[in-house]
């Protein structure tokens with residue numbers, strides 16, 4: 010977790026804290042997996058760490074897409090439940 014905060018530092022002048030949090034998670038996952046798999050050879054360690062980093066990216070994207078979908082559903086349900094019915098004459 011501490012390694013994840015290193016990605017925040019270079020992104021602060023460029024993209025702000027949101028980009029830094031994503032970059033920090035990617036770098037932290039890469040470094041953490043690379044250090045954990047010390048029994049593998051270098052090429053296999055790099056491939057495994059890259060897979061973990063891609064998993065962080067895909068998980069973040071899917072999570073954000075689901076979050077947007079649920080927010081839209083919540084707004085639609087709110088509007089439907091609070092919209093006054095149109096009187097029919």
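Residue numbers (my numbering): 10 to 98. Glycine included, every Cβ here is placed at the ideal spot set by N, Cα and C. No experiment lies behind these values; they were computed from the predicted model shown.
For residue 58, the nearest candidate out of 44, 70, 71 (CA to CA): As a position in the chain shown, residue 58 is number 49, starting the count at 1. The option with the nearest alpha carbon to residue 58 is 44.
Out of curiosity, what's the CA-to-CA distance linking residue 53 and residue 47? Here residue 53 refers to the residue found at position 44 when the chain shown is read from its first residue. Here residue 47 refers to the residue found at position 38 when the chain shown is read from its first residue. Approximately 10 Å, taken between the alpha carbons.
Going by the CB atoms, is the gap between residue 69 and residue 31 shorter than 8 Å? Sequence index remark: in the chain shown, residue 31 carries index 22 (1-based). Sequence index remark: in the chain shown, residue 69 carries index 60 (1-based). Yes; because the gap between Cβ atoms is below 8 Å, this pair is in contact.
Can you tell which of 50, 60, 86 has its C-alpha closest to the C-alpha of residue 37? Your numbering for residue 37 matches position 28 in the chain shown. Shortest Cα-Cα distance from residue 37 to any of 50, 60, 86 involves 60.
By the DSSP assignment, the alpha helix (DSSP H) with residue 54 in it spans what residues? What you label residue 54 is simply residue 45 of the chain shown in a count that begins at 1. Start and end: 51-91.
Please classify residue 66: is it buried, with 16 or more other beta-carbons within 10 angstroms of its beta-carbon, or exposed? Indexing the chain shown from 1 puts residue 66 at position 57. By the Cβ-count criterion, residue 66 is exposed, with fewer than 16 other Cβ atoms from all chains shown falling within 10 Å of its own Cβ.
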